[in-house]
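Q:
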Amino acid sequence: MNLFVDAWLWLVDPVNWQGSGSIPVRIGEHLFYTGLAMLGAALVAIPLGWLIGHTGRGRELAVGISGAARALPTFGLLFLFVMLIGVTLRGPSTVFVLMLLAIPPILAGAYAGLEVIDRRTIDAARSMGMTEWQILWKVEVPLGLPLLIGGLRSATLQVVATVTLAAYVNLGGLGYDIVQGIQLRSYDQMLGAAILVILLALLFDALFAVLERYAVPRGVRAGRDTDVRTTPTGRRATAELTATT
Amino acid sequence: MTWVLNNLGLIIELTLVHIRLSILPIMLGFVIAIPLGWVAYRYRLTRGLILTLVGLLYTIPSLALFVILPPLLGIGFLSEANVLIALTIYAVAIMARSVAEALQSVDPDVRQAATAVGYSSWSRFWTVDFPLAGPVLLAGLRVVAVSTVSLLTVGIVVGVQSLGYLFTNGFQRGIVEEVLAGVVMTVIVALLFDGALVLLGRALMPWTRAARALPASPPRVAMA
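Residue numbers (this note's numbering), protein chains in the order written: chain A, 1 to 245; chain B, 246 to 469.
(1) Express the C-alpha separation of A:Val159 and A:Ala102 in angstroms, rounding to a whole number.
(2) So for A:Thr74, helix, strand or coil by DSSP?
(3) Taking only the alpha-carbon atoms, compute the straight-line gap between A:Ile46 and A:Ala62 and give it to the nearest angstrom.
(4) In the DSSP assignment, find the alpha helix (DSSP H) that holds A:Tyr248 and state where it starts and stops.
(5) DSSP three-state call for A:Val12: helix, strand or coil?
(6) Where does A:Glu240 sit, in a helix, a strand or coil, going by DSSP?
(7) Give the single residue among B:Trp452, B:Val421, B:Val434 and B:Ser392 whose Cα lies nearest to the Cα of A:Gly67.
(8) For the putative contact between B:Gly483 and B:Ala347, defined by C-beta atoms under 8 angstroms, what is the C-beta separation to the nearest angstrom?
(9) Nearest CA to the CA of A:Asn2: which residue from A:Leu200, A:Leu191, A:Gly173 and A:Asp123?
(10) Any idea if B:Asn327 is buried or exposed, counting beta-carbon neighbours within 10 angstroms, 16 or more meaning buried?
(11) Nearest by alpha-carbon distance to B:Ser350: which of B:Thr333, B:Val381 and B:Ile330 is it?
(12) Assuming B:Val337 and B:Gly274 form a contact by the criterion Cβ under 8 angstroms, report the distance between their Cβ atoms to the nearest whole angstrom.
(13) Please report the residue range of the alpha helix (DSSP H) in which A:Met128 lies.
(14) By DSSP, does B:Ala475 sit in helix, in strand, or in coil?
(15) DSSP state of B:Gln357, grouped into three classes?
(16) Out of A:Arg213, A:Val197, A:Arg120 and A:Glu60, point me to the one whose CA is closest to A:Glu140's CA.
(17) Quick check for students: name the residue ranges of the alpha helix (DSSP H) that lie wholly in the region 126 to 175 of chain A, counting only runs of 4 or more.
(18) Should the region 316 to 325 of chain B be called in touch with the region 410 to 429 of chain B, which here means at least 3 C-beta pairs below 8 angstroms?
(19) Going along chain A in order, which residues have a C-beta closer than 7 angstroms to the C-beta of B:Ser307?
(20) Are there 16 or more other CB atoms within 10 angstroms of the CB of A:Gly64, so buried, or fewer, so exposed?
(21) Would you mind telling me which residues of chain B sit closer than 7 angstroms to A:Arg197, beta carbon to beta carbon, in chain order?
(22) Give the secondary structure of A:Gln183 by DSSP, where H, G and I count as helix, E and B as strand, and everything else as coil.
(23) Would you please state the rounded distance, in angstroms, between the beta carbons of B:Leu308 and A:Leu165? I believe it to be under 8 angstroms.
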């Protein structure tokens with residue numbers, strides 16, 4: 001437990017909070033790479049996922065990609081791409097690898113969100129005279145939003161975790177303090193940084209959990225109590241929500 | 246190819262080590278997750294608690310977990326036990342949710358029928374619920390196996406030998422082939438485990454041979 005006290009002292013030491021390579025700078029780097037990769041991945045994966053979900057074509061592709069991606073060792077890919085694209089471009093190549101990692105879960109979320117919608121709902125929208133664009137924007141996207149956010153959630157967590165490893169290719173981020181701590185055998189530094197990484201991941205997780213909950217359209221939330229197919233957690237969660245509002 | 250040919254012995258040795266180290270967390274994760282998942286499935290009170298807890302464990306980045314476990318458990322920082330425990334934690338985190346979902350997927354009518362013909366809850370669990378939950382359990386276990394194999398490579402950062410050695414060593418020495426060999430072998434080991442589990446599933450659950458629908462929700466992907 002003494003080591004945790006040391007880690008705490010490292011975390012609150014003012015020396016570590018200023019200058020280059022300080023804790024805020026490392027957190028900033030971590031967030032920068034995470035944000036950039038997520039933005040890029042979302043721009044590719046969300047439209048593609050919606051296209052697949054809306055047309056129903058290319059379903060196997062989406063399932064195949066997310067299945068195959070799981071087997072890829074992200075740690076190795078990071079090294080491989082940095083070496084292939086060039087060490088001078090390690091920033092862009094790292095972001096590229098991170099994007100590749102983030103695409104499958106977002107794609108799966110975007111596509112699954114549309115896939116699980118009751119076909120009758122979409123048929124009803126079409127029979128009311130909605131154009132395909134209106135069906136997509138007014139029916140499918142809002143109903144699929146919770147699953148899409150779920151996909152964004154796992155993608156973000158994966159990217160946050162992988163950015164930690166990016167320290168190995170000299171990119172900074174909170175992983176830098178962990179890797180340096182391991183090399184220098186300074187336990188306070190690596191433990192302090194590890195705690196920060198964990199907090200960062202938990203923070204993102206909590207943020208997306210809240211978003212996921214509020215992304216459920218009001219009409220769906222209201223109708224859920226009578227829906228026999230909802231799982232016990234879902235029903236309980238909505239019961240709590242309806243009780244407070 | 247020259248590097249690969251010259252170092253075939255090293256690659257094979259590391260692959261075998263990788264397989265050996267992967268087996269224990271996968272099996273332990275499965276065994277520990279069964280009671281946990283059952284408690285999560287059975288009682289409404291514990292359901293939210295357990296699923297939230299495993300969800301939180303799952304969010305911890307692997308490198309951070311490798312660093313934080315040794316002082317917490319009082320084990321050696323560079324020991325194999327450290328990485329094995331961390332991987333078991335991830336396996337449990339994925340699998341407990343799968344077990345709960347798998348038990349949920351069993352038709353309640355079948356369960357009632359089993360109770361009606363006189364099964365005790367213990368024997369009903371093992372002879373009715375558990376086998377019928379098999380396909381969903383298998384889907385979860387496949388995710389566990391593949392992600393464990395992939396995550397094990399990160400263990401090299403804290404000095405635990407695996408195919409991850411080819412990544413760091415290849416990067417430091419600037420040998421692209423070495424890193425590539427590591428990536429390819431890791432994927433092959435993952436596919437081997439996956440294939441073995443599928444075959445095991447077919448042998449143990451012959452009734453699932455008939456074409457089955459895909460699992461409803463894609464299981465969450467593993468952390469790096």
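Quick reminder that beta carbons are idealized off the backbone N, C-alpha and C, glycines included.
A: The answer reads as follows:
(1) Along the first sequence, one-based indexing puts residue 102 of chain A at 102. Along the first sequence, one-based indexing puts residue 159 of chain A at 159. Going from the Cα of A:Ala102 to the Cα of A:Val159 covers about 7 angstroms.
(2) Position 74 of the first sequence, counted from the first residue, corresponds to residue 74 of chain A. DSSP places A:Thr74 in helix when its eight states are reduced to three.
(3) For the purposes of this step, residue 46 of chain A is identified with residue 46 of the first sequence, where counting begins at 1. For the purposes of this step, residue 62 of chain A is identified with residue 62 of the first sequence, where counting begins at 1. A:Ile46 and A:Ala62: Cα-Cα distance of roughly 12 angstroms.
(4) Past the boundaries of the shown model lies residue 248 of chain A; chain A is included only from 1 to 245, so the question cannot be answered.
(5) Translated into positions along the first sequence, residue 12 of chain A becomes position 12. In the structure shown, A:Val12 sits in a helix (DSSP, three-state: H, G or I).
(6) In the first sequence, counting from the first residue as 1, residue 240 of chain A sits at position 240. Model confidence at A:Glu240 stands at a pLDDT of 35, short of 50, so the residue's coordinates are unreliable; what they give is reported in the following sentence. In the structure shown, A:Glu240 sits in a helix (DSSP, three-state: H, G or I).
(7) Translated into the one-based positions of the first sequence, residue 67 of chain A becomes position 67. Selected option, being the one with the closest Cα: B:Ser392.
(8) It is not possible to answer for residue 483 of chain B, since the shown part of chain B is limited to 246 through 469.
(9) In the first sequence, residue 2 of chain A corresponds to position 2, counting from 1. Checked all of A:Leu200, A:Leu191, A:Gly173 and A:Asp123; the closest Cα to A:Asn2 is A:Leu191.
(10) The count along the second sequence starts at 1 and reaches residue 327 of chain B at position 82. It is buried - the Cβ of B:Asn327 has at least 16 other Cβ atoms within 10 Å.
(11) Taking the first residue of the second sequence as 1, we reach residue 350 of chain B at position 105. Among B:Thr333, B:Val381 and B:Ile330, the Cα nearest to that of B:Ser350 is on B:Val381.
(12) Numbered from its first residue, the second sequence carries residue 337 of chain B at position 92. Numbered from its first residue, the second sequence carries residue 274 of chain B at position 29. That pair is a contact at about 5 angstroms.
(13) Stepping through the first sequence from its first residue, residue 128 of chain A is reached at position 128. Run containing A:Met128: none; DSSP gives neither H nor E here.
(14) In this structure chain B extends from 246 to 469, so residue 475 of chain B is not present and cannot be described.
(15) Against the second sequence, residue 357 of chain B aligns to sequence position 112. Of the three classes helix, strand and coil, the one that applies to B:Gln357 here is helix, per DSSP.
(16) The sequence position of residue 140 of chain A within the first sequence is 140, counting from 1. Selected option, being the one with the closest Cα: A:Arg120.
(17) 141 to 165
(18) no
(19) The sequence position of residue 307 of chain B within the second sequence is 62, counting from 1. By Cβ distance, chain A contributes Ala161.
(20) Within the first sequence, the letter at position 64 stands for residue 64 of chain A. Exposed, since its Cβ has fewer than 16 Cβ neighbours within 10 Å.
(21) Counting from one through the first sequence, the residue named residue 197 of chain A turns up at place 197. As written in the sequence, residue 197 of chain A is Val, which differs from the Arg given in the question. Pro306 and Ala309, listed in chain order.
(22) Your numbering for residue 183 of chain A matches position 183 in the first sequence. Helix at A:Gln183.
(23) Here residue 308 of chain B is taken as the residue at index 63 of the second sequence, counted from 1. Here residue 165 of chain A is taken as the residue at index 165 of the first sequence, counted from 1. The Cβ separation is near 6 angstroms, so the contact holds.
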